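Written below as structure tokens is the structure these notes are about.
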Amino acid sequence: MPEKRPASDDLIEDFLDSEPDDSLDEDEKGNQSQRGHNVLAQFTQDPQANKRRRLAEAISSSQVSTGSQSNNVRESTAGVIESIRMTNFMCHSNFEVTLGPQTNFIIGKNGSGKSAVLTCLSVCLGAKANETDRGSNLKAMIKNGKNTARLSVTFKNEGMESYLPEVYGNRIIVQRFLKRDGTSGYSMKSVANKTISTKKAELDAMLNHFGITITNPMTVLTQTEAKQFLASSTSEHKFKYFMAGTRLDIAVSDCTKTDQDLKDVRSMLSRNSLILEESAKNFKAARDMYARLQSTDQNRQKLRTLLGRMKWWKQLKMQEQLDHKLANKEKLQALMDQARRKADEAQNSMLALETELQTISDTKLEAESECNRLEAVLSSTKDTAKATQKQSGVLEARLKACTDAIKETNENLQTLEKRIKMEEERLENSDTSTTDGLLVQKSGLERQLTSLDQEKAQLASRKKAEIALHKARLSEITETIAEKDKYIKDLRKELSQNFGRQRDKYWAYGPGLRHLLDEIQRTKTFHSTPFGPLGLSVSMKPGKEGWSQIVENVLNRQMSSFLVQDFHDQKILSGLFRKHKYFGDILVRQLETFDYRNSLPSSDLTSIMDVLNFQDENVKCVFIDEAKINFTCLMTDRSQAEEALIKRPRNVKAFLVPYDRGSATRLMLGDNSNILADPIKFAPARSSKLGSSDPEEALKQEVARQQQEMNELIAEKTTLIASSNTEKAGIEKSLKQITHKITETTDELNDLIALIEDESTDSGKLKGLTEDRDDYISRNIAHNETLTALKAERENNGNRLMGIEARYRAEKEALKAQQQRVSDLKKLMEERHDKLAEFEGESNHYTISYKQKSEKMEILENTIMALEENCGDLHRAAAQVCTLEESGANTETQTEDSIRQEYVATKEAVDSIEKSLGMTREQVISDVKAKREKYLHAKQSLGEAQSMAEKLGESLRERKQNLKTTRKRLCMEVNEAFQQALSIRAFVGELEFDFENGKLSMMVSTKPGEKKRMVESLSGGEKSFTQIAFLLALWKPMQSRIRGLDEFDVFMDQINRRLSLKMILDKVSKNPYCQTLFITPLDVGDVPGVDSPTVHIHQIADPERNVA
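This is the structure:
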């Protein structure tokens, strides 16, 4: 049981026997307070609540005396607990029990959560965790695995004792919520489940109204308290239980405090009397001194007028200064308005120029587009001309081939004529002796022909291979030249679009950044000026410029970002972004540094952070936090990067490897230790945030470099074509020679074969030769016809080529004119850019002028404000002395020195009079006021102390008398109740009170005629029975509306338990006004009286327990 404040062993008898020493006069005493209070109620319960309970007790007593206790006892409904409900509390997930209005037994096995019912009741009605013996923290009572618990107690609210029935209705629901995170809360609800209040004060008022004293340690006894109470063996412990249960300990403490207060007040009275006497003497002396000063009023009035004149003169002088400053303010405001107007006009002119520039730029883009179109048309016409020229070449080749064919046919005809002649001669001179020689000659020609065929095949294969090789290389060079040409056009287009206007370090971030930064500086609503863009604080380290394009592409988002310190500034800056069409991120964070040394890669690796210079360490930490620049390393060789990545180096998550001038690769390690490659595309050599300070010059250099590379490729292509043609012509010439030689050899072989055959044949060969001659003649005729047609086609192709060349010249002139237009537009843009720079300078000039004048205005306004405040102070100070008319102040005819001299002369006259008094007038007046106030304060303090002493003395006498009467009555009532309880078992006993030593002894006789003895000498069961009787005796004067007792019978044997329960039921049934809850794990079915309609038994099943 928690230790309560014990009664003082030495003071109790002193308060009861001694009277306070009242030294006040009889006529200073007030009327004594009435003494009609109920003495018992004053120290146990609220007086108003006890009036209602006494009425209920009277009704109950009359009903009991009529013998209708069991059936006709009137159940008091207001303040009766109807039900208790708990959710996620202790071992219960969702539990509710409905209680009877008088006696309730909560029965269940150990661990079933019986005690949780009383704990829930106490906690829900305001008990603290350490008052429940269930822990020191309410959060520990929440069921494992849950975050909240809800407790609910429903009271009946019917009858004449109801509490605010017009508000709550016939039911009051009290709820308490427990949370693991956060604080618990109360809720008072009506019968309609409407929340009436969440204040604990409202709960305390309701409990006080119903007479429920949940804070009384004897009202609800937990398992531990019940065990300690039943096992208490010393008389001191019993005395403490008696004092705490009857609340006499609080009454003694109150009397002790009141007695000390009375002693303090009497000590104060003695001091205040001496102070009042001394104050009266001093006040009289000060009044006498003041009377002697009355003769100097005229001079003092003059002094007052002069003082007022001085103050008014200063006020008028300062008013003149103020008027002058106000006039200057109006002039300065006019100049500010003019500067603002000029700046706005310059801004408007800039906007108009920017609009015109955009129009010119769009027109220039259209002209450049037209140039590109004309270039494409010109290129197409050129290609057509080349194709036509090529066709002319083909026709010339065909004409040559046809001429060669005619020439060859003529040569063949001549050969046939010779052969025919030879055949004719042969037939005339035939000789068979030459056949063997012809066969040998034939074999040699066949071997020669085979060798020539092989050589021809090798040359044909070589020609095919050379053609394929040259074609592949030529195609590759042609594609590269086309890509270079397109890239150069794009670079020139960017030069014409973006670099005609003024450039600076902000250009790489877009044209709107300069205006954005200017407006940020002008905006006064930021809590803190935004910082950015971050890229302005970053640059490449010397010697690391080769990485700038890749690093800028990776960090582009962070470099364009701004930092703000809160969401208010983020909202304002976001609006400015939209206004100036700036695309960047806004980071809400503080500029701060941190230690990143443990997150750096090894020294043999180069990270992005290693190639950058940071002007601010805070910005460096932002890039480390946002872009992880310390975790990404740079390496030129991909294979080396992959090998390093597989080794899983510390603090390395990726490698960046360049691929070509327009792309790179990010290498990362996947989940399965496989290398992941992420391509990165970018446009090289454009306006850079990390590169050259002059992006236009860098872009021009890139154009020149690309043009040089393209020229080299064109030269290589021309050389390759020439080399290919030369080599092809050589091979074709060799092929032609070998083919001709093969033809001659074949013809010669055929002639030999014919000769050999002719040796054994007749004149049939001559006939065949004649037929061949006729065939060649026919061919020659056909070739001549083809030659005529080709000559006509050549003439037509020449005419067509002349038309194409004329069209080419016209298109070239049109292109030249369009290029001139583009050049004119560029010059116009440069002129407009110069004008824009002029307006921008003018805007900056007037903006700076406005800012300077604003600063002057701020200083002037502060000066005016100070002058107005001082002028007002001087006016109030002067008005307190006299009016302006009374002072006669005039700045035109008077000076400060003249007024001061007159004031000094008058003051000397007054001081001469006051010197005889030893004090100035102000000192005398101040002294008499101070001494008068001190005298009145001393008189008032003495009166208050006398009144307080009287009231405290009266209160202390009344309290001591009430305490003495209450103690006597409580002792009798508790002793009588104790004896009545013992009589159920035929025991005889009494309680002996020793207030002087703080002891209470229970003397009990268990057998008739036996001498009473100390309860400590009784058996365990008899002792427990006696302790229960003592508890019931204490409950009687307490008159608590609700009582609870947890597992009081677990250590009793069956006989003593049965007798104790019978005694409890008997006593409880005689007080139907009280509602009682008993917690026990044992069955009560065989206890006499348990079948009464006023007794309710609630069996609790084992709750579902979840393992946390």
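To convert, note that position 51 of the sequence shown is 45 in my numbering; the numbers rise steadily by one, no gaps.
Using N, Cα and C, we set each Cβ at its ideal position, and we do this for glycine too.
All values derive from a computational prediction rather than experimental measurement.
TODO: Measure the C-alpha to C-alpha separation of Cys627 and Leu854 and round it to an integer number of angstroms.
DONE: Answer to the nearest angstrom: the Cα atoms are 58 Å apart.
- [ ] Enumerate in chain order the residues of its own chain whose CB-to-CB distance from Lys993 is below 7 Å, with the five nearest sequence positions on each side excluded.
- [x] Around Lys993: Ser229, Glu230 and Phe233.
Open item on the list: Given this structure, state the Cα-to-Cα distance separating Gln169 from Gln1021, to the nearest angstrom.
Closed with: Approximately 35 Å, taken between the alpha carbons.
Open item on the list: Pull the bridge partners of Pro652 from the DSSP assignment, please.
Closed with: When beta bridges are read from the DSSP output, Pro652 appears opposite Ala658.
Open item on the list: Can you tell me where the alpha helix (DSSP H) holding Ser87 begins and where it ends?
Closed with: Residue range His86 to Thr92 is occupied by the beta strand (DSSP E) that includes Ser87, with no alpha helix (DSSP H) assigned at that position.
Task: Whole alpha helix (DSSP H) elements within the segment 148 to 234, 4-residue minimum - done: With a minimum length of 4 residues, the continuous alpha helix (DSSP H) runs that stay inside the segment 148 to 234 are 159 to 162, 194 to 204 and 217 to 225.
TODO: Round the Cβ separation of Ile78 and Val91 to the nearest angstrom and send it over; I've been treating them as touching at under 8 Å.
DONE: Between Val91 and Ile78 the Cβ distance is about 5 Å, and since that is below 8 Å, they are a contact.
- [ ] Report the partner residues of Ser601 according to the DSSP bridge assignment.
- [x] Note: Ser601 sits in a beta bridge opposite Cys627.
- [ ] Keeping to the same chain, check which residues put their C-beta closer than 8 Å to that of Leu326; ignore five residues upstream and five downstream.
- [x] Once the five neighbours on either side are set aside, the close Cβ partners of Leu326 are Lys847, Lys850, Met851 and Leu854.
- [ ] Output the distance between the C-alpha atoms of Ala274 and Met262, rounded to the nearest integer angstrom.
- [x] Answer to the nearest angstrom: the Cα atoms are 18 Å apart.
Open item on the list: Looking at Gly1038: is its Cβ nearer than 8 Å to the Cβ of Leu1059?
Closed with: Judged by their CB atoms, Gly1038 and Leu1059 are not nearer to each other than the 8 Å cut-off.
Task: Euclidean distance between Cα positions of Lys979 and Leu1026 - done: Here residue 979 is Arg; the residue named in the question, Lys, does not match the sequence. Separation of Arg979 and Leu1026 (C-alpha to C-alpha, rounded to the nearest whole angstrom) is 14 Å.
- [ ] Take Leu549 as the anchor and find which of Glu1010, Arg516 and Lys622 has the nearest alpha-carbon.
- [x] Out of Glu1010, Arg516 and Lys622, the CA that lies nearest to the CA of Leu549 is found in Lys622.
Task: Under the three-state DSSP convention, the category Ser533 falls into - done: The answer is strand: DSSP assigns Ser533 an E or B state.
TODO: Rank Ser1013, Ser106, Asn98 and Leu707 by C-alpha distance to the C-alpha of Phe89 and give the top, closest one.
DONE: Selected option, being the one with the closest Cα: Ser106.
Task: Top-ranked residue by Cα proximity to Val161, from Asn141, Arg174, Asp282 and Met182 - done: Residue Met182 is the option with its Cα nearest to Val161.
TODO: For Asn66, count neighbouring C-beta atoms within 10 Å of its own C-beta (all shown protein chains included) and say buried if the count is 16 or more, exposed if not.
DONE: Here Asn66 scores only 39 on pLDDT, less than 50, and its place in the model is too uncertain to base an answer on.
Task: Residues of its chain near Gln26, where Cβ-Cβ distance is below 6 Å and the 5 sequence neighbours each way are ignored - done: Interpretation of Gln26 is limited by its pLDDT of 34, a score under 50 that renders its predicted location unreliable; the figure taken from the coordinates is listed afterwards. Counting only residues of its own chain and dropping the five nearest sequence neighbours on each side, Gln26 has a CB closer than 6 Å to the CB of Glu948.
Task: Expected contact under 8 Å - CB spacing of Met344 and Phe833 to nearest Å - done: Their Cβ separation, rounded to whole angstroms, is 5 Å, which keeps Met344 and Phe833 in contact under 8 Å.
- [ ] Check the DSSP bridge columns for Arg1037 and list the partner residues they point to.
- [x] Beta-bridge pairing by DSSP links Arg1037 to Thr1070.
Task: Alpha-carbon spacing of Glu1016 relative to Lys1005, whole angstroms - done: Distance from the CA of Glu1016 to the CA of Lys1005, rounded to the nearest whole angstrom, comes to 16 Å.
Open item on the list: So, under 8 Å CB-CB, Val147 and Leu119 are touching, yes? Tell me the CB distance rounded to an integer number of Å.
Closed with: Contact holds; Cβ gap of about 7 Å.
TODO: Output yes or no for whether 8 Å exceeds the beta carbon distance between Phe588 and Val532.
DONE: Their beta carbons are not under 8 Å apart, which means Phe588 does not touch Val532 by this criterion.
- [ ] Could you check if Phe577 is buried or exposed, using at least 16 other CB atoms within 10 Å of its CB as the buried criterion?
- [x] Label assigned to Phe577: exposed.
- [ ] Would you kindly check if the distance between the Cβ of Tyr802 and the Cβ of Leu372 is under 8 Å?
- [x] Annotated as proximal: Leu372 and Tyr802, with beta-carbon spacing under 8 Å.
- [ ] Look at Phe972 and Ala939 and say whether their C-beta atoms are less than 8 Å apart.
- [x] The Cβ atoms of Phe972 and Ala939 do not sit closer than 8 Å to each other.
Open item on the list: Give the list of continuous beta strand (DSSP E) stretches no shorter than 3 residues that lie fully inside the segment 361 to 389.
Closed with: Runs of the beta strand (DSSP E) inside the segment 361 to 389: none found.
Open item on the list: With distance defined between alpha-carbon atoms, name the residue in Asn884, Val918 and Asp579 nearest to Glu314.
Closed with: Put simply, of Asn884, Val918 and Asp579 the residue whose alpha carbon is nearest the alpha carbon of Glu314 is Asn884.
- [ ] Could you tell me whether the segment 382 to 400 touches the segment 774 to 784, where touching means 3 or more Cβ pairs closer than 8 Å?
- [x] The segment 382 to 400 and the segment 774 to 784 touch, with no fewer than 3 CB-CB distances between them shorter than 8 Å.
TODO: Could you check if Leu930 is buried or exposed, using at least 16 other CB atoms within 10 Å of its CB as the buried criterion?
DONE: Exposed: under 16 other Cβ atoms inside 10 Å.
Open item on the list: Tell me the DSSP secondary structure of Met80 in three-state form.
Closed with: If DSSP states are grouped into helix, strand and coil, Met80 belongs with the strands.
TODO: Give a yes or no on whether the C-beta atoms belonging to Ile1036 and Thr213 are separated by under 8 Å.
DONE: Less than 8 Å divides the Cβ of Ile1036 from the Cβ of Thr213.
Task: Ser469 versus Gly656: straight-line alpha-carbon distance, rounded - done: One C-alpha to the other measures close to 22 Å.
TODO: Quick one: give me the first and last residue of the alpha helix (DSSP H) that Pro1031 is part of.
DONE: Element bounds for Pro1031: Gly1014 to Met1032.
TODO: In angstroms with no decimal places, state the Cα-to-Cα distance between Asn864 and Trp307.
DONE: Distance between the alpha carbons of Asn864 and Trp307 is about 13 Å.
TODO: Buried or exposed for Glu271, please, with buried defined as at least 16 other CB atoms from any protein chain shown within 10 angstroms of its CB.
DONE: Burial call: exposed.
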